[in-house]
Every structure is written in C-alpha cells, then in structure tokens.
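Inspection log for the structure reproduced underneath, given as structure tokens.
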Amino acid sequence: MSTQLIILIYVALGLMYILVVRKKKKRDKEHLEKMKNLEVGAHIVTVGGLHGIVSEIDNEEGTVVLDCEGIYLTFERKSVLRVVEESAEEVVTPEIESEPEVEEVTEDNEAQ
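Residue numbers (UniProt numbering): 1 to 112.
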C-alpha cells in the first residue's frame, strides 16, 4: 500500500470520529439543558420506560418524585430519559369499565 492511501484512511477515520464526538456532545448538552429546566407538572419518561408526571424536584439530593396515577416514586434526576411534549389535542384516556355482572346459576335456571 502506498503511504498516501494510508494517510487518506487515517484522515477519513479521524474526521468520522470528530463528527461522531461532536454530535454526541451536542446531544448531551441539549439533554442537560432539558433536565436543568425540568419543572413540576412535566410529563416525563424514565430510562426504564416508566411514564409519569413530576410531582417534586429536590436539587440538593438530585432526585425527582413522579406521580404515576396516584403512586409516588422517587428517582435519581439522571434517570429521566426525556420530557414528553404534549400534543395540541387533549389525550383521551378510556374509562375503565366495572366488572361484568355474572348471573348466578341455580337449579331453577338449569332446568329451563
């Protein structure tokens, strides 16, 4: 192999590395800004996939308390993956139906 080809390969690999590192740093910086601006009432998703609403923020401890449909859970602030942007339309949650009525079977009903 010629020296020029080896130099060209190293330059190409170096440029690819620089572009990847810059993109990651930019993404990390944006994530850090979102986490600094996290407010009570924001809808978030944790790294474990749990969806919840921020109930409390403790900057000294670095924790966030989430309200997950009445269950309050405490997480490290760094475990917040993303803030869910609310759509223009209101989210419709289906009503939970009560258990269906079960008809009791008696001897009179079996005879018919």
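Virtual Cβ for every residue (Gly too), placed ideally from N, Cα, C. Quantities reported herein were computed from a predicted structural model and do not represent experimental measurements.
How is the beta strand (DSSP E) around E76 delimited, first residue to last? Against the sequence shown, residue 76 aligns to sequence position 76. Run containing E76: I71 to E76, per the beta strand (DSSP E) assignment.
Pick helix, strand or coil for G14, following the three-state DSSP scheme. In the sequence shown, counting from the first residue as 1, residue 14 sits at position 14. It is helical.
Give the DSSP bridge partners of E85, in chain order. Residue numbering aside, residue 85 sits at position 85 when the sequence shown is read from its first letter. According to DSSP, which records beta bridges pairwise, E85 is partnered with nothing at all.
Using a Cβ distance threshold of 8 Å, determine whether the region 31 to 47 contacts the region 74 to 86, with at least three qualifying pairs required. yes
Tell me, please, whether the region 64 to 78 touches the region 19 to 29 by the rule of three or more beta-carbon pairs shorter than 8 Å. no
DSSP on S55, reduced to helix/strand/coil? On the sequence shown, position 55 is the one that residue 55 refers to. Strand.
What is the residue span of the beta strand (DSSP E) that V65 lies within? Here residue 65 corresponds to residue number 65 of the sequence shown, with the count starting at 1. That run of the beta strand (DSSP E) goes T63 to C68.
To the nearest angstrom, report how far apart I18 and Y72 are at their CA atoms. Counting from 1 along the sequence shown, the entry for residue 18 is found at position 18. Counting from 1 along the sequence shown, the entry for residue 72 is found at position 72. Their backbone Cα atoms lie some 43 Å apart in a straight line.
Output needed for G41: all residues of its chain with C-beta closer than 7 Å, excluding positions within five of it in sequence on either side, in chain order. Numbered from 1 along the sequence shown, position 41 holds the residue referred to as residue 41. Taken in chain order, the residues that qualify are I53 and V54.
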